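Worksheet: one structure, shown below.
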Amino acid sequence: MLDLMKDYVRVGRFTPVASYQRFGYACAVLLVVSGAVHGVVYLVEGGAWAGPISWRKPIVFGLSFGITLATLTWFMTFLRPRRAVGWTVLGVFALASLGEVFLIAMQTWRGVASHFNEDTAFDGMVFSLMGALVALIALITVFVTIRSFFSMDAPASLAWAIRTGLVLMLASQAVGVQMIVQGGNTFGAAGAVKIPHAVTLHAVQVLPALALVLLLSSYSEVRRLRIVGLGALGYTGLVASTMVQTFSGRGPLDLSLAASALAVLGLGLLGASALVALRGLGSRVPASSGEGQSQDAVHEPSWT
29 MLDLMKDYVR VGRFTPVASY QRFGYACAVL LVVSGAVHGV VYLVEGGAWA GPISWRKPIV
89 FGLSFGITLA TLTWFMTFLR PRRAVGWTVL GVFALASLGE VFLIAMQTWR GVASHFNEDT
149 AFDGMVFSLM GALVALIALI TVFVTIRSFF SMDAPASLAW AIRTGLVLML ASQAVGVQMI
209 VQGGNTFGAA GAVKIPHAVT LHAVQVLPAL ALVLLLSSYS EVRRLRIVGL GALGYTGLVA
269 STMVQTFSGR GPLDLSLAAS ALAVLGLGLL GASALVALRG LGSRVPASSG EGQSQDAVHE
329 PSWT
């Protein structure tokens, strides 16, 4: 197990990190800690989980923004930007994320809604500022996504997992804009817009994680790329399922035939790719064993 963890850190190139990455990771930790602290507050204070005023928002947003920032910080390892660009990208993304979560938490502690709240001039100003911070985050995401298609120092399987995750993250932000435009989280009669927003957002963790597991397998890089493609197709099917369900105005449990079929297909393909990836770990030979495997066959395909 220890050898597996060491190899995971190695193929993921989690160390060493640039100075701007240390800043990004530190801010990500602050966001996650914020979410965890508010989780403790929720357990102590109680109250409703759902609704416009609840501890759920600082918990979920703190954890989600923290994980997303940590993921983007890790991506910088493979994009290899210049120092100034790295600081700009992660600096803006991190500070905007911290500001967004701070404003959400502040409104929760004040006992007022954080989103779509224009009851007073101050509340309206807070919501407008939140929108401006989200716009900055979206601009950085667009920049990183475009750059990933032109400059990526990673195996093809991992590179395409990262690119697909970033594209789906942009789709998540587009859904967020839809919520702001319509002035709420419900589309039509009962469509829960938050569901496709959340599902698309976290593709940036799921698909690269699949690619990293494959890099530890005994599969060739060509096969890894095919498996990542299968997983990406499955995840896209799952996203399509949530989109169809939501934008037809149906509630999450009022599944239509089309949404159900897409969900089954998507989960099936994603699950199959994960099982194949895990199966590949069974025949791997740890790099620390010192046995003479070919470079491509075990761990380190050529970087593209």
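Numbering (my numbering), first residue to last: 29 to 332.
A virtual CB, placed ideally from N, CA and C, is assigned to each residue, including glycine.
Quantities reported herein were computed from a predicted structural model and do not represent experimental measurements.
Query                                                                                                                                                                                                         : Result
From the DSSP output, in three-state form, read off T43 for me.                                                                                                                                               : coil
By a C-beta neighbour count over all protein chains shown, 10 Å radius and 16 as the cutoff for buried, is G334 buried or exposed?                                                                            : Outside the shown range of the chain (29 to 332) lies residue 334, about which nothing can therefore be said.
Given a cut-off of 7 angstroms on the beta-carbon distance, is the pair I174 and P236 in contact?                                                                                                             : no
Going by Cα to Cα distance, which pick from A226, K222 and Q135 is closest to F150?                                                                                                                           : Q135
Would a C-beta distance cut-off of 7 angstroms place V256 and W188 closer than the cut-off?                                                                                                                   : yes
Out of P280, L238 and Y263, which one is the CA nearest neighbour of A302?                                                                                                                                    : L238
With C-beta atoms as the reference, is A287 less than 7 angstroms away from Q273?                                                                                                                             : yes
With T99 as the anchor, note down where its alpha helix (DSSP H) starts and where it stops.                                                                                                                   : R84 to L107
Of all the options I87, L97, A46 and R84, which has the alpha carbon lying nearest to the alpha carbon of A13?                                                                                                : Because the chain spans 29 through 332 in this model, residue 13 falls outside it and cannot be assessed.
Using 8 angstroms as the cut-off, can you tell me whether the segment 81-94 makes contact with the segment 59-67, which would need three or more C-beta pairs spanning the two stretches below that distance? : yes
Starting from Y247, trace the alpha helix (DSSP H) both ways and give me its first and last residue.                                                                                                          : Taken as a continuous stretch (DSSP letters only), Y247 belongs to no alpha helix (DSSP H), as it is neither H nor E.
How long is the line joining the alpha carbons of L341 and Y48, rounded to whole angstroms?                                                                                                                   : Any question about residue 341 goes unanswered here, given that the chain covers just 29 to 332.
Does the separation of the CB atoms of E128 and P183 fall below 7 angstroms?                                                                                                                                  : no
Would L164 pass as a contact of A124 if the rule is Cβ separation under 7 angstroms?                                                                                                                          : yes
Assuming F93 and L59 form a contact by the criterion Cβ under 8 angstroms, report the distance between their Cβ atoms to the nearest whole angstrom.                                                          : 5 angstroms
Between the beta-carbon of L240 and the beta-carbon of L309, is there less than 7 angstroms?                                                                                                                  : no
Distance check for R254 and L186, CA to CA, integer angstroms please.                                                                                                                                         : 11 angstroms
Can you have a look at L156 and say buried or exposed, based on whether 16 or more other CB atoms are within 10 angstroms of its CB?                                                                          : It should be pointed out that residue 156 corresponds to Ser in this sequence rather than to Leu. Burial call: exposed.
Could you have a look at T214 and say whether DSSP puts it in helix, strand or coil?                                                                                                                          : strand
Is DSSP giving G219 helix, strand or coil here?                                                                                                                                                               : strand
Identify whether F155 lies in helix, strand or coil by the three-state DSSP scheme.                                                                                                                           : helix
Quick check on the DSSP output: what are the complete alpha helix (DSSP H) runs of length 4 or more inside the segment 270-312, in order along the chain?                                                     : 285-309
For T43, does the count of other Cβ atoms within 10 angstroms reach 16, so buried, or fall short, so exposed?                                                                                                 : exposed
If you follow the alpha helix (DSSP H) that F144 is part of, which residue opens it and which one closes it?                                                                                                  : It is not in any alpha helix (DSSP H) - F144 carries neither H nor E in the DSSP assignment.
Let's see if you can read the secondary structure: which residues bound the alpha helix (DSSP H) around M134?                                                                                                 : R111 to R138
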